[in-house]
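In my numbering, the protein residues as written are 227 to 337. The structure appears below as structure tokens.
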Amino acid sequence: MEHQTEPVKDKAIGIIAYITVIGLIIAFILNMEKKDAFGSYHIRQALGIAVSGVAMSFIVIVPVIGWILAVIGSLLVLVMWVMGIINAIGGQMKPVPVMGDKFNEWFQGVG
């Protein structure tokens, strides 16, 4: 059986962070043992995307305009999620579109 190298484990943490909220929690727990910059970065990005998704569910409460904004916002959340997971798979620490830099700033103590 081949031993898993640390960069592969760190990359896996980054990828796992984007797989639902449960994956985010698992990635956070795995990253607690040995704080890794790559894993922490993607945990912050995934947390920001998850919070954005929850925010979209509250915006839908506003009649008519809320529904329109929620659809647009949900599509944006989907794009951020896809870009985030692509960046994690590619081993890149690039912020997700639109809000990625803010997510890093807001959640810098997380991960």
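Even glycine gets a Cβ: it sits at the ideal position worked out from N, Cα and C.
task = Spatial neighbours of V247 within its chain, please: CB distance less than 7 Å, with the 5 preceding and 5 following residues excluded, ordered by chain position.
result = Cβ neighbours of V247 within its own chain (closer than 7 Å, five residues either side excluded): A276.
message = Give me, in chain order, the residues of the same chain whose beta-carbon lies closer than 6 Å to that of A272; leave out the 5 immediate sequence neighbours on both sides.
response = Taken in chain order, the residues that qualify are A243, Y244, L250.
ask   = Do G317 and K260 have their CB atoms nearer than 8 Å?
value = no
request  = Examine the Cβ distances between the stretch 298 to 311 and the stretch 319 to 328 and report whether three or more of them are shorter than 8 Å.
outcome  = yes
query = Whose C-beta lies closer than 7 Å to the C-beta of Q230 among residues of the same chain, with five residues either side of it excluded?
reply = Low local confidence applies: a pLDDT of 42 at Q230 is under 50, so the model's placement there is unreliable, with the coordinate-based value given in what follows. Same-chain partners within the cutoff: there are none.
ask   = Curious, which full-length alpha helix (DSSP H) runs of at least 4 residues does the stretch 244 to 270 contain?
value = 246 to 259
ask   = Which first and last residues belong to the alpha helix (DSSP H) in which V303 is found?
value = 291 to 315
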